[in-house]
Amino acid sequence: MTQAANTKLKALLEYGPLVAFFIAYLKLKDEVFTFGGTEYQGFIVVTAGFIPLFLIATGLLWKLTGHLSRMQVVTAVLIVVFGGLSVYFNDERFFKMKPTLIYLLFGGVLGLGLLRGQSYLKSVMEGLMPLKQEGWMILTKRVTGLFLGLAVLNEVIWRSMPTETWVYFKTFGLPAAVFLFFMFQGGLFKKYSIVEESVAEGDKAE
């Protein structure tokens, strides 16, 4: 399999389950299903289907890449736990809390590292973005703020808005927020990039 095909398959495995959840929700949101004498709203049924689909996709992603990040592992665990609680108690609130807990957890871990004068983000992303230590510390502070802000935003939206609004926010809003955040870090990457510094030194030597 070519690298381009690998990249497309990786993206499909990462985002496919979320898109499938969104499509299934739109189709079943107004339906009510009865299992064992208990009525379940479409959201709960879709959640029940999303859990194994996500685990299968994660397993295939691990087989494809040979590894999973800590964030991917923790996300899978929380999806199983809180998705399972939503299905078991027939209560959609548990699943809606999941993004809040994910962002609080990772924001808290990064914040703890900052208090110790370390960038835990560096150990996860250094291979993707080689930066000076100062750059990593600044980026880690910003990512910590992003995670904590998204945790608060998720709480506000699921507690104050209809379920359909939250599903749109979860499917499109959260990924877009993270994407735009990193898009706006271009100045930081340019200023603290080790690669650019090395290239600049080489140009001067010539």
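Just so we're aligned: 167 in the numbering used here is position 172 of the sequence shown, and the numbers increase by one with no gaps anywhere. Even for Gly, the Cβ is constructed at its ideal location relative to N, Cα and C.
Going by C-alpha distance, which of Leu148, Val138 and Ser155 is nearest Phe174?
On the sequence shown, residue 174 is found 179 positions in, with the first residue counted as 1. Nearest to Phe174 by alpha-carbon distance, out of Leu148, Val138 and Ser155, is Val138.
Helix, strand or coil for Leu4, going by three-state DSSP, please let me know.
In the sequence shown, counting from the first residue as 1, residue 4 sits at position 9. Residue state, collapsed to three classes: helix.
As assigned by DSSP and simplified to three states, the class of Leu50
The sequence position of residue 50 within the sequence shown is 55, counting from 1. The answer is helix: DSSP assigns Leu50 an H, G or I state.
Option nearest Pro12 by Cα separation, candidates Lys127, Pro47, His62 and Trp153:
What you label residue 12 is simply residue 17 of the sequence shown in a count that begins at 1. With distances taken between Cα atoms, Pro12 lies closest to Pro47.
Just reading off the beta strand (DSSP E) that Glu34 is part of, what are its end residues?
On the sequence shown, position 39 is the one that residue 34 refers to. That run of the beta strand (DSSP E) goes Thr33 to Gln36.
How many angstroms separate the CA atom of Val41 from the CA atom of Ser188?
Within the sequence shown, residue 41 is the residue found at index 46, counting from 1. Within the sequence shown, residue 188 is the residue found at index 193, counting from 1. Taking the straight line joining both Cα atoms gives about 44 Å.
Looking at the strands, I want to know which residues DSSP matches up with Ser188.
Residue mapping note: residue 188 aligns to position 193 of the sequence shown, counting from 1. Bridge partners of Ser188: Leu126.
Evaluate the contact criterion for the segment 107 to 124 versus the segment 142 to 157: three or more CB pairs, one atom per stretch, below 8 Å.
no
If I follow the unbroken alpha helix (DSSP H) through Phe84, where does it start and stop?
Against the sequence shown, residue 84 aligns to sequence position 89. Looking at the DSSP string, the run of the alpha helix (DSSP H) that includes Phe84 is Arg65 to Phe84.
Straight-line Cα distance separating Ser155 from Lys136
Within the sequence shown, residue 136 is the residue found at index 141, counting from 1. Within the sequence shown, residue 155 is the residue found at index 160, counting from 1. Their backbone Cα atoms lie some 29 Å apart in a straight line.
If you reduce the DSSP assignment to three classes, tell me which class Phe89 lands in.
Walking along the sequence shown from the start, residue 89 turns up at place 94. Here Phe89 sits in helix by DSSP.
Looking at Leu55: is its Cβ nearer than 8 Å to the Cβ of Leu8?
Locating residue 55 in the sequence shown gives position 60, where the first residue counts as 1. Locating residue 8 in the sequence shown gives position 13, where the first residue counts as 1. A contact, by the Cβ cut-off of 8 Å.
Inter-residue spacing [alpha-carbon to alpha-carbon] between Ala102 and Leu73:
Within the sequence shown, residue 102 is the residue found at index 107, counting from 1. Within the sequence shown, residue 73 is the residue found at index 78, counting from 1. Here residue 102 is Gly; the residue named in the question, Ala, does not match the sequence. Rounded to whole angstroms, Gly102 and Leu73 show a C-alpha spacing of 15 Å.
So for Phe28, helix, strand or coil by DSSP?
Counting from one through the sequence shown, the residue named residue 28 turns up at place 33. Phe28: strand per DSSP, three-state reduction.
Which residues in the same chain have their Cβ closer than 7 Å to the Cβ of Gln67, if we skip the five residues on either side of it in sequence?
Start at 1 with the first residue of the sequence shown, and residue 67 comes out as number 72. Closer than 7 Å at Cβ, skipping near neighbours: Thr53.
Note down, in chain order, each residue of its chain lying with its Cβ closer than 6 Å to the Cβ of Phe89, except the 5 sequence neighbours on either side.
Taking the sequence shown and counting its residues from 1, the one referred to as residue 89 is at position 94. Cβ within range, chain order: Phe77, Leu80 and Ser81.
Alpha carbon to alpha carbon, how far is Leu59 from Phe49?
Along the sequence shown, read from residue 1 onward, the residue named residue 59 stands at position 64. Along the sequence shown, read from residue 1 onward, the residue named residue 49 stands at position 54. So the two alpha carbons sit approximately 15 Å from each other.
Between Met178, Thr158, Ile18 and Gly31, which lies nearest to Tyr83 when the distance is taken from Cα to Cα?
Here residue 83 refers to the residue found at position 88 of the sequence shown. Looking at the Cα atoms, Gly31 is the closest of the given residues.
Does Gly181 come out as helix, strand or coil in the three-state DSSP assignment?
Taking the first residue of the sequence shown as position 1, residue 181 is located at position 186. Gly181: helix per DSSP, three-state reduction.
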